[in-house]
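Single-structure report; data block below.
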Amino acid sequence: MNLDRSYEAGPTRTYGLRRINLEIREGEFLTIMGPSGAGKSTLLSILGMLDNAWTGEYWFLDQAVHELPAKKRIELNKRYIGFVFQKYHLIDDLTVYENLEIPLSYRDIRPKERAAIVAESLDRFQIVGKKDLYPSQLSGGQQQLVGVARAVIAGPKLLLADEPTGNLHSAQGEEIMELFTRLNRQGTTIVQVTHSERNASYAHRTIHLHDGWVVEPTGQEAHAG
Amino acid sequence: MMDVFRRDLRFAARSLSRSPAFTAIAVLTLALGIGTNTAIFSVVNAVLLRPLAYREPGRLISIRSALDARAAQGLPSSAPEYRDYRREVPALQDIAAVWPININLTGHGEPERIQAAVVSTNYFSVLGVAPVLGRTFGPEDDGGRIGYVTLISYDLWQRRFGGRRDVIGKSVRLDDDPMTIIGVMPKGFRHPVESGASPMDVWAPIELANTDSNFIDFRDMRVFDLFGRLAPGATLEQASAQFEALRGRLAERYPDVYLTSLGWRVDVAPLAERVVGDVRPALLVLLGAVGFVLLIGCANVANLLLARATTRDREIAIRTALGGGRSRLVRQLLTESLMLAAIGGALGLALAVWGTEALGRLAALHLPRAREIGVDWNVLGFTAVVVLVTGIGFGLIPALQTTRPDLQSVLKDSGRGASAGAPRARVRGALVVAEVAVALVLLTGAGLLLRSFERLLAVETGFNPDNLLTLQVWLPWPNEAEKGRYFTQEQRLAFYDRAVEKVRQVPGVRDVALTSRLPLRGRNNTRFTIEGRAPAADKPPPIAEFRSVTPSYFETMQIAILRGEGLPELADSASGGTAVINRRMSERYFPDDDPIGGRIQIFGPEGPWLTIRGVVGDVRQIGLDEPPFEELYVSARSNAGQEMAMIVRTTGDPESRAAAVTNAVRSADPEQPVFAVMSMDRLMANATAERRFSLLLLTLFAAIALVLSAIGIYGVMAYTTTQRRHEIGIRLALGAGGSDVLRLVVGQGMRMVLAGLAGGLFGAWALSRVLSSQLFGITARDPVTFVTVAILLGVVALAATWFPAQRATRVDPMISLRSE
């Protein structure tokens with residue numbers, strides 16, 4: 000990808016991301032680091048096709064995203080991308096089971112098939128016993144486990160995680176990172192945003208953002224990938 | 000205590016002024032609700048609740064005859080009956096008789112057609128009302144016939160005599176009789192049962208105490224409206240029982256008058272009930288309708304308060320943490336809602352004052368006591384109660400909800416305050432369900448009336464009402480009729496011929512005809528006998544609607560002549576006359592043989608024999624909602640009465656010819672008032688005025704209900720959607736498309752709406768009966784209406800959920816990525 004992301008703020012134009020020239024290979028585990036406001040989450044949402052207000056080029060699985068209309072981009076999101084959020088963002092009024100079902104329901108998967116996939120996922124993440132509980136009845140770590148399970152339930156090729164352990168204590172955080180490593184070994188490309196050097200170390204590669212620019216750890220501008 | 004109240008007031012004022020948009024919407028909604036309620040209550044108050052303006056009105060009763068065999072009720076009584084009742088019903092202290100007539104007033108300005116009452120001399124003492132000027136009738140005014148003295152109304156006194164006090168002793172000419180004015184009635188005095196459109200202006204006495212020499216002294220000539228005053232301590236039931244006993248005695252004394260087969264009886268009822276007539280159900284329906292509008296308004300305001308409560312959780316939590324007890328906090332919040340209700344009430348009252356005037360004008364044609372409609376202390380008291388009840392009604396639930404926040408979560412986390420959300424959402428949902436249900440009930444009511452009205456307007460009248468001008472004349476009939484200018488048939492015919500000839504010359508006039516009574520103007524029937532068919536002794540003689548018309552009538556009205564021919568140009572000969580009957584009469588009485596050439600006798604055994612000359616189409620003579628009756632037409636050339644109506648077919652807009660036609664008739668006799676000049680369209684509109692009144696108001700209220708509930712649904716959905724933005728963001732991030740979000744939000748809204756529609760259909764189903772008396776041509780549970788209004792409300796509700804849902808699809812999914 001090679002792109003800019005800017006915002007109109009009155010008569011002036013503010014850049015959220017500048018000349019992001021980045022290549023992420025399939026099967027890679029990448030960490031994005033940087034101070035608050037550096038543009039990490041923005042980059043993540045562009046990668047996840049949630050933000051369309053950028054200019055430049057973005058190739059995703061040999062498809063020119065920059066040439067696709069918004070609808071097609073949502074299709075790509077649906078087929079290939081999963082999200083893990085810092086605050087888990089489980090839906091309060093839905094049970095664990097129902098939360099896991101949401102991404103499948105948006106992918107027009109038949110109810111029977113959905114039930115099978117959810118059952119398999121509950122099993123895989125060892126949360127069968129929690130399936131009828133509401134998010135408020137789970138610990139933070141358990142909630143994030145469900146969050147990850149939900150992110151990967153539709154079999155995404157790319158998993159985007161925004162501070163996935165930000166609200167967890169270290170033991171829970173490690174569990175999640177182990178889980179990511181396992182998923183990555185099974186073929187899922189992972190891009191995570193984190194402030195934690197420890198979490199970053201689970202990745203193959205780390206890039207740093209500062210004021211919208213990709214910089215070398217020393218502070219020099221660099222071209223990743 | 001007062002200090003606490005003052006502080007609550009001050010805080011309420013400050014709190015409301017901090018949210019001007021919320022305050023404005025709430026106040027306007029309440030003003031609309033309270034205003035419509037006050038306006039309709041002012042009508043109910045004037046018509047149904049306020050006591051009649053007579054002395055001890057509770058003791059006044061109305062006395063009317065009924066003939067069961069003719070399904071006829073509310074009939075007047077005859078002079079001999081009046082005497083019998085006075086003598087033989089001791090439960091009544093006294094009875095007054097009234098013969099309402101139209102009369103020509105001449106002298107002192109333009110000739111005028113006015114409403115007059117020929118009354119028994121005790122009329123004013125039975126009512127217990129004294130004149131403002133002069134005296135009422137005394138024994139000295141008995142002339143054996145109609146006396147030559149008169150009392151006039153306050154309005155007439157002002158209008159024609161400029162309110163001059165020397166009017167007493169002045170003479171006016173009423174139907175060419177010189178009458179001396181002996182008194183002026185007080186302002187606002189009204190004859191009990193006059194219709195709003197034509198108040199009584201003149202009262203003249205008639206001596207009914209003596210049997211001799213009275214020109215209308217026949218037992219079956221029932222022209223007098225009777226009302227009586229109960230003796231002290233006597234009850235209506237006693238009076239009723241005494242009338243029942245008297246009925247038996249009279250039937251024995253006069254078996255040929257009170258035929259058993261006629262089913263004659265006397266009905267007594269409180270006079271107030273008689274005055275109100277049959278408008279009570281319609282008014283109560285309207286009162287119920289505005290009650291519903293207010294309920295919907297309250298639901299909306301309660302919803303606004305609940306939404307607003309979310310933003311106040313912190314404030315309430317802090318107050319609670321600082322020791323504010325729940326009752327204290329509820330009181331403070333209720334002060335705010337009462338303040339809203341009071342402001343809304345004040346604005347509503349202003350709206351009602353304006354609305355009441357409009358209602359009075361709208362209702363003047365058909366509503367009894369319409370002139371009394373206005374805002375009085377009763378109405379103000381009603382408004383005050385409504386303000387209090389509404390203020391507490393819409394404020395209590397939100398106040399109770401708001402004062403129950405989860406302290407910890409609100410104070411610890413300034414975030415979304417998830418704790419109180421669920422019960423509030425449930426209450427809000429329930430309010431939306433309720434208001435949709437109530438709106439549907441109202442819409443169904445309006446829909447039923449609308450469809451009835453449509454049916455009514457689509458009714459085949461039997462004639463072509465386009466470009467018809469109608470007017471009426473009444474030739475004077477003085478006390479000593481034989482001295483009158485229009486006593487003989489020839490005199491009257493000569494006038495009518497002159498008038499018709501003059502009108503024919505008016506440019507734009509195509510056809511002119513005369514009739515003794517216009518269509519839709521009520522019954523005027525006669526009994527008849529068919530030659531060769533002796534009337535059965537045990538059955539009442541057959542009757543038919545009777546009209547005396549000029550030969551050009553059928554052509555002018557464009558009434559089809561189905562068989563034979565119309566009426567001849569020449570007058571009936573001494574050997575017998577001719578008649579034309581309608582299809583219904585022909586089918587009923589001549590089902591197997593040709594009626595043409597058949598002979599019938601009208602007006603009883605002494606009446607003339609007529610040969611049937613033709614059969615014409617059926618006409619709705621009695622009213623649009625009454626099916627055609629048997630109709631009988633005779634030639635006006637042989638039966639020209641004092642009162643005739645003229646029908647003029649014009650080439651263009653008939654009302655544009657009104658002045659010219661009126662002048663033409665007047666030129667035939669300058670002293671002749673011409674009145675009730677109007678197009679047939681207007682006459683038909685007047686005939687449906689009562690229905691129009693109900694329809695117009697109920698439709699207005701239903702429309703307000705529709706708009707309010709749409710606003711309510713929109714408000715709740717917009718609010719819920721804002722609350723759910725975050726969740727929607729997550730869903731979008733998890734792959735939801737715009738259509739998924741749309742479905743989610745619209746689905747949530749429409750679930751409430753559907754529940755409301757189901758409840759509303761059930762409610763409308765249950766309540767539909769209250770409208771049945773006002774319907775025409777459809778049943779009270781007309782499926783088309785039910786389905787149509789449900790669809791209409793469903794579509795409006797869909798639109799109201801659609802816009803918030805549309806906005807929800809534009810939620811930036813990145814919201815879910817950002818930390819809060």
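The listed protein sequences derive, respectively, from chains A and B.
The first sequence lines up with residues 0 to 224 when you count with numbering that gives the first Met the number 0.
The second sequence lines up with residues 0 to 819 when you count with numbering that gives the first Met the number 0.
Beta carbons are placed, not taken as given, at the ideal position from N, Cα and C, and that holds for glycine.
**Request:** Let me know if E196 (chain A) comes out buried or exposed under the rule of 16 or more other beta-carbons within 10 Å of its beta-carbon.
**Result:** With fewer than 16 other Cβ atoms from the protein chains shown falling within 10 Å of its own Cβ, E196 (chain A) counts as exposed.
**Asked** Looking at P627 (chain B) and D617 (chain B), is the spacing between their C-beta atoms short of 7 Å?
**Response** Closer than 7 Å, so yes.
**Asked** Any contact of the stretch 671-678 of chain B with the stretch 109-120 of chain B, i.e. 3+ C-beta pairs under 8 Å?
**Response** yes
**CA nearest to the CA of L305 (chain B), picked from B:P231, B:V431 and B:L207** = B:V431
**Request:** Name the two residues that bound the continuous alpha helix (DSSP H) containing E25 (chain A).
**Result:** That residue, E25 (chain A), is in no alpha helix (DSSP H); it is neither H nor E in DSSP.
**Request:** Might you give, ordered along the chain, the residues of its own chain that have their beta carbon closer than 6 Å to the beta carbon of Q171 (chain A), omitting 5 neighbours on each side?
**Result:** G140
**Asked** Among B:A52, B:A341, B:R809 and B:E80, which has the Cα closest to the Cα of E371 (chain B)?
**Response** B:A52
**Asked** What residues from the stretch 195-209 of chain A come within 7 Å of chain C, judged by C-beta to C-beta, listed N to C?
**Response** Structure shown: chain C not included; protein chains present are A and B.
**Prompt:** From T719 (chain B) to I712 (chain B), what distance separates their C-alpha atoms?
**Reply:** 10 Å
**Contact residues within the stretch 728-762 of chain B, judged by C-beta distance below 9 Å to chain A** = G728, I729, R730, L731, A732, L733, G734, A735, G736, G737 and D739
**Message:** In chain order, what are the residue ranges of uninterrupted alpha helix (DSSP H) at least 4 long that sit wholly in the stretch 501-557 of chain B?
**Reply:** List check, alpha helix (DSSP H) in window: 552-556.
**Item:** Cβ of P812 (chain B) within 7 Å of any chain A Cβ
**Value:** Yes - at least one Cβ of chain A is within 7 Å of the one on P812 (chain B).
**Request:** Kindly indicate if chain B contains any beta-carbon less than 7 Å away from that of L49 (chain A).
**Result:** yes
**Asked** Is the stretch 53-61 of chain A in contact with the stretch 0-14 of chain A, if contact means three or more CB pairs nearer than 8 Å?
**Response** yes
**Request:** Check whether the Cβ of K77 (chain A) lies closer than 7 Å to any Cβ atom in chain B.
**Result:** Taking Cβ atoms only, chain B reaches closer than 7 Å to K77 (chain A), which makes this a yes.
**Request:** Can you grab the Cα-Cα spacing for the pair V275 (chain B) / V378 (chain B), in whole Å?
**Result:** The alpha-carbon atoms of V275 (chain B) and V378 (chain B) are separated by roughly 19 Å.
**Prompt:** Excluding the five sequence neighbours on either side, which residues of its own chain have a C-beta within less than 7 Å of the C-beta of G507 (chain B), listed in chain order?
**Reply:** Exclusion of the five residues before and after G507 (chain B) leaves T649, T650, G651 and R656 as the residues of its chain whose Cβ lies within less than 7 Å of its Cβ.
**Request:** Check whether the Cβ of H88 (chain A) lies closer than 7 Å to any Cβ atom in chain B.
**Result:** yes
**Cβ pair A298 (chain B), A433 (chain B) closer than 7 Å** = Going by C-beta atoms, A298 (chain B) is nearer than 7 Å to A433 (chain B).
**Request:** Kindly say whether E726 (chain B), judged by its beta-carbon, lies nearer than 7 Å to any beta-carbon of chain A.
**Result:** The beta carbon of E726 (chain B) sits closer than 7 Å to some beta carbon of chain A.
**Message:** Using only the alpha-carbon positions, how far apart do W764 (chain B) and F291 (chain B) sit?
**Reply:** 16 Å
**Request:** Say whether chain B places a C-beta atom closer than 7 Å to the C-beta of Y14 (chain A).
**Result:** no
**Request:** Measure from the C-beta of F59 (chain A) to each C-beta in chain B and report whether the shortest distance is under 7 Å.
**Result:** no
**Request:** May I ask you to list the residues that DSSP assigns as paired with E335 (chain B)?
**Result:** Answer is none; E335 (chain B) lacks a bridge partner.
**Request:** Using three-state DSSP, classify R806 (chain B) as helix, strand or coil.
**Result:** helix
**Message:** Once the 5 residues before and after E220 (chain A) are set aside, which same chain residues still bring their CB inside 8 Å of it?
**Reply:** Here the model assigns E220 (chain A) a pLDDT of 39, short of 50, so the residue's position is not dependable, and the following value carries that caveat. Excluding its 5 nearest sequence neighbours in each direction, E220 (chain A) has C-beta neighbours in its own chain below 8 Å: W212, V213 and V214, listed in chain order.
**Prompt:** Any contact of the stretch 320-340 of chain B with the stretch 350-369 of chain B, i.e. 3+ C-beta pairs under 8 Å?
**Reply:** no
**Message:** Would you say P226 (chain A) lies against chain B (beta-carbon separation less than 7 Å)?
**Reply:** Only positions 0 to 224 of chain A appear in this structure, which leaves residue 226 (chain A) out of reach.
**Prompt:** Which chain B residues sit within Cβ distance under 8 Å of Y105 (chain A)?
**Reply:** Result: R730, L733, G734, A735, G736 and D739.
**Message:** What does the alpha-carbon distance come out to for the pair A659 (chain B) and A480 (chain B)?
**Reply:** 31 Å
**Message:** I want to know whether the stretch 241-254 of chain B touches the stretch 130-140 of chain B - three or more CB-CB distances under 8 Å.
**Reply:** By the Cβ criterion, the stretch 241-254 of chain B is not in contact with the stretch 130-140 of chain B, since fewer than three pairs of Cβ atoms, one from each stretch, lie closer than 8 Å.
**Request:** At 9 Å on the CB atoms, spell out the chain B contacts of F28 (chain A), in chain order.
**Result:** None at all; the shortest Cβ gap to chain B is about 20 Å.
**Request:** Kindly indicate if chain B contains any beta-carbon less than 7 Å away from that of I189 (chain A).
**Result:** Closer than 7 Å: no.
**Item:** Whole-angstrom distance between G390 (chain B) and R113 (chain A), CA atom to CA atom
**Value:** 51 Å
**Item:** Beta-carbon proximity of P550 (chain B) to E564 (chain B), cut-off 7 Å
**Value:** no
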